[in-house]
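Worksheet: the structure to be examined is printed underneath.
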Amino acid sequence: MKNILHISIALVAMIVLVSCGGDTKPSYQYMPNMYEPVGYKTYGEYEVFPGKQEAMLPVLGTVPRGYAPYEYPDTTKGSDAAKKDLKNPLEVTQKNLDAGKELYTIFCAVCHGDKGDGNGILMQREKILGIPSYAAAGRLINDGGVYHVQMYGLNSMGSYASQTNELERWQITQHVMNLKATLEGTPLSVPVIVEVEEIPVSETNNEETY
Amino acid sequence: MQKVNLKRLSSILSVVALALALLLSKNVLAQATPADDTAAISANGGDAALGEKLFKANCAACHKLYKKATGPALYGVGDKYEKEWLYSWVKNSAALIATGDSRANAIFEEYNKSAMNAFPGLSNTDIDNLIAYTYTEKKVSVAPAPLPGAAAAGSGSGVSNNIILGILTFVFLLLVTILFLVTKTLNKFAVANGIALPVREHRKPIWKSFIENQFLLLVTAVIFLLGSAYFIYGGLMSVGLDQGYAPVQPIHYSHRIHAGSNEIDCNYCHSSARKSKHSGIPSLNVCMNCHKSIGEVAEGVQAEGLAEFGVDYNKEIQKLYKAVGWDEDNQNYTGETEPVKWVRIHNLPDFAYFNHSQHVTVAGVDCQKCHGPVEEMEIMYQYSPLTMGWCINCHRETNVKVQGNDYYNKIHEELSKKYGVEQLTAAQMGGLECGKCHY
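Heads up: the protein sequence lines correspond to chains A and W, in order.
In case it helps, my numbering puts the first sequence at residues 381 to 590.
In case it helps, my numbering puts the second sequence at residues 68 to 506.
Dropping the structure here:
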């Protein structure tokens with residue numbers, strides 16, 4: 381009888397030990413001093429920060445490196461002005477078009493569809509409805525307008541300024557204009573000069589700086 | 068018990084939904100047949116079925132039927148405005164506002180001067196159909212008295228299982244008690260009748276004979292030592308190893324639904340993985356890109372969440388709204404935000420450097436290679452061990468993507484020559500150097 385008791389105690393102890401390494405808690409660390417950084421870790425929790433959060437908004441009035449102000453306000457007037465005056469500063473190159481296509485597939489195609497006909501997967505699955513085609517009648521879609529919408533969003537569409545930088549938004553714009561041209565059957569923008577090394581717009585907008 | 072009830076409810080609901088769907092599809096079919104033309108055309112002379120299609124294609128981005136969205140709720144809009152006014156509004160609202168029409172200007176002001184797109188492509192008949200559609204009554208998902216068939220046919224296995232288990236336990240306990248009582252009574256009878264009960268002869272206790280048997284003792288000791296060594300080794304090897312770590316997050320976010328069913332690219336939310344050391348946790352504005360429109364999940368998804376994972380997805384969306392300060396009724400931000408304290412899953416020790424952009428953008432490694440089948444994970448967990456051996460192994464096996472990287476052409480050629488290989492692995496490029504990751 382005693383043996384059985386001992387065995388059962390051992391079994392219970394084993395089970396407890398094994399279940400301690402449960403999935404909702406991290407495992408033990410050997411010499412945590414080597415694991416835990418001295419500096420503040422990204423997304424860490426530290427007393428010095430408001431709300432203990434390391435993740436904070438940039439200080440008011442500061443700008444990231446390579447930042448260029450966007451002058452058109454988020455109003456109907458601003459949108460009209462952007463449509464009228466804002467032009468794509470990027471040259472049409474294969475590199476830009478490819479990058480634009482890739483970015484478009486990541487950020488836009490879920491709703492607007494790979495062809496820009498407003499038939500993305502979220503539309504097909506009826507999660508989000510009423511996404512217009514780029515070729516829809518009665519809409520003025522041009523370089524400035526497309527960029528402006530990415531900057532601020534429009535109606536139900538959100539702003540993509542936090543996910544893309546200036547260069548990327550213009551690359552997407554280039555691709556969108558080509559999609560629109562394909563849908564409407566008008567001539568596409570094709571690369572004029574194939575090899576371009578220098579790009580006028582700075583790449584660092586929302587990158588981390590060290 | 069509450070959970071059980073909900074399960075039952077959902078099964079009933081699904082049956083009801085099915086019945087409704089059948090009913091509706093029948094209606095649609097009826098409307099499509101030319102013989103029923105008179106029946107199909109509703110009071111204002113529009114076809115609701117055609118209107119629904121138009122609505123979903125053109126209007127639904129900004130308008131919902133029963134709820135305010137970017138624009139007003141459109142249920143019964145034909146009662147509020149006469150047709151002629153609606154025609155001109157839909158075709159070109161800006162022009163109508165410009166004429167100084169008081170009602171047009173009133174609605175324009177009410178919605179913060181956000182201009183409605185002009186729809187010159189819609190004919191008067193189209194708009195009639197749309198108006199007809201706006202009279203569609205809201206589907207009320209009521210649970211009627213449970214049908215006898217539905218309860219039996221539904222997935223009420225949770226209930227019956229519990230009940231059966233309970234009954235079995237009860238019966239078992241009853242048997243034990245009865246047996247005990249019977250023995251007791253029999254013993255009493257025996258004593259009363261003067262029958263001598265068989266006396267158990269005193270034997271050597273089993274543990275004593277066990278100890279006296281040297282061989283058995285030795286074998287047991289060896290087994291015990293081996294067993295404990297196994298567990299101790301396993302325990303020590305798991306120190307600092309978090310494979311399978313799946314903490315409870317403040318908002319139940321399903322990668323299965325977002326990345327799996329809806330095929331949203333990983334980089335959509337984790338946009339900094341392409342160009343930064345970290346694959347950032349998306350800020351809530353990224354969630355709101357879609358969830359501004361999606362305030363509730365589809366009925367099927369909701370039922371699935373409740374039944375399979377015990378999660379009320381709609382409640383989780385409400386948590387998001389609360390955190391980001393989104394007032395769903397008025398469709399604006401209140402400005403009262405609160406942080407969502409996500410629990411970080413993948414933690415590298417401080418002495419190891421890892422950069423996402425290097426792997427995602429430069430090497431073109433799929434996210435799934437390290438993070439596993441995220442698109443199937445209802446609850447996110449750490450898929451890879453993230454040990455040094457695991458890193459090194461991949462560096463040894465993975466060929467470097469050298470195409471389209473003309474700047475390094477020469478050095479790649481030289482290295483290939485040096486190692487006498489066609490394809491360079493990351494290890495041959497210095498991917499095993501200590502200083503690459505530890506500095």
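Yeah, the Cβ is synthetic: ideal placement off N, Cα and C, and Gly gets one too.
- Message: Quick check: what's the CA-CA separation for residue 411 of chain A versus residue 369 of chain W?
- Response: 45 Å
- Could you confirm whether any beta carbon from chain W is found closer than 9 Å to the beta carbon of residue 571 of chain A? no
- Answer with buried or exposed for residue 231 of chain W, where buried requires no fewer than 16 other C-beta atoms within 10 angstroms of its C-beta. exposed
- Message: Can you check which of these residues, W/128, W/290, W/180 and W/399, is closest to residue 511 of chain A by C-alpha distance?
- Response: W/128
- Message: Tell me which residues of the segment 414-430 of chain A have at least one Cβ-Cβ distance to chain W shorter than 9 Å, keeping chain order.
- Response: 414, 415, 416, 417, 418, 419, 421, 422, 423, 424 and 425
- Query: How would you write the range of the alpha helix (DSSP H) that residue 465 of chain A sits in, first residue to last?
  - Reply: 456-465
- In terms of alpha-carbon separation, which member of W/187, W/169 and W/179 lies closest to residue 125 of chain W? W/187
- Skipping 5 residues on each side, what residues in its chain have a beta carbon closer than 7 Å to that of residue 418 of chain W? 505
- Task: Let me know the secondary structure DSSP gives residue 553 of chain A once reduced to three states.
- Result: helix
- Per the contact definition of three or more C-beta pairs closer than 8 Å, is the segment 451-464 of chain W in contact with the segment 478-496 of chain W? yes
- Rounded straight-line distance, which links the Cα of residue 501 of chain W to that of residue 524 of chain A: 49 Å
- Identify the contact partners of residue 382 of chain W in chain A, using a Cβ-Cβ distance below 9 Å as the criterion. Neighbours of residue 382 of chain W on chain A: none; closest Cβ ~18 Å, over 9 Å.
- Task: Pull up the CB-CB distance for residue 423 of chain A and residue 411 of chain W, whole angstroms please, since I reckon it's below 8 Å.
- Result: 6 Å
- Could you check where the alpha helix (DSSP H) with residue 436 of chain W kicks off and where it finishes? 434-438
- At a cut-off of 8 Å, is residue 486 of chain W close to the ligand FMN when judged by its beta-carbon and the heavy atoms of the ligand? Ligands are entirely absent from the displayed structure, and the ligand FMN is therefore not among its contents.
- Roughly how many whole angstroms lie between the Cα atoms of residue 440 of chain W and residue 403 of chain A? 17 Å
- Item | Proximal residues, the segment 294-319 of chain W versus chain A, C-beta separation under 8 Å | 298, 302, 305, 306, 307, 308, 309, 311, 312, 313, 314 and 315
- Message: Between residue 463 of chain A and chain W, is any beta-carbon pair separated by less than 9 Å?
- Response: no
- Start-to-end residues for the alpha helix (DSSP H) that takes in residue 389 of chain W: 380-391
- Where does residue 157 of chain W land, buried or exposed, given buried means 16+ other C-beta within 10 angstroms? buried
- Can at least three beta-carbon pairs, one atom from the segment 431-439 of chain W and one from the segment 286-293 of chain W, be found at a separation below 8 Å? no
- For residue 117 of chain W, the three-state DSSP class (helix, strand or coil): helix
- Length of the line joining the Cα atoms of residue 491 of chain A and residue 485 of chain A: 10 Å
- Item | Proximity below 9 Å, CB of residue 530 of chain A to CB of residue 539 of chain A | yes
- Task: Return the chain-ordered list of same chain residues with a C-beta closer than 8 Å to the C-beta of residue 236 of chain W, the five sequence neighbours on each side being excluded.
- Result: none
- Task: With DSSP as the reference, please indicate the residues paired to residue 400 of chain W in a beta bridge.
- Result: W/393
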